[in-house]
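If you use the numbering used here, the sequence shown closes out at 227, no skipped numbers anywhere. Worksheet: one structure, shown below.
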Amino acid sequence: MSLAITIAAPFRHTRKELLKKNEIVYYLAFERGWMNIEQANHLLARAKEEGLISYEGDMIRPLFDVMSIEIPLGFKPNASVFHRSDPHEELMSRIARDLSIPLTRVVAEMNTIISKEFGGHIRPEGAVVILAKRSGVEFSDLLPALRENILKSD
């Protein structure tokens, strides 16, 4: 979520729907001082990879509602915005958080789905999606990354 907050910040600050790449880099690196130019460019590449932004010519458009993102007072992105998150672990954490249960219980339930319901013939990514669906936890934003993980490991 920190990546989405970081991307939303320049759009909310300027109250614009489209920004040039250099405007975003300037905001992140100089105006806020959150990172250097190279890191800001890397952040934009990650945001594109995660499906948070799209390029329209030389302009960048966020692919989510920036006004729905709450930017905490004194927010400063941490180093996690530069690293690709594991969607499988993220969904497990989301289930644990939304249901207020320990992560170990989520893992146990996921393993039950894998071994007892599918006889070991389903991948962990599929089992965690089934568990999220049964639990009423939103996961549609993670589906593209989960699919990509499955395709990479085959």
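All residues carry an ideal CB built from backbone N, CA and C; glycine is no exception. Nothing here was measured: the structure is a model prediction, and the numbers come from that model.
Here the alpha carbons of His156 and Gly193 stand approximately 31 Å from one another. Across the set Pro217, Ile142, Glu190 and Leu117, the C-alpha of Leu117 shows the shortest separation from the C-alpha of Ile133. In this structure, the alpha-carbon of Ile97 lies about 15 Å from that of Lys149.
Relative to the Cα of Asn109, the nearest Cα in the group Lys121, Glu122 and Asn95 belongs to Asn95. Cβ-Cβ distances below 8 Å link Lys93 to Asp131, Met132 and Ile133 in the same chain, with the five nearest sequence neighbours on each side left out; the list follows chain order.
Here the C-alpha atom of Ile195 lies approximately 45 Å from the C-alpha atom of Gly106.
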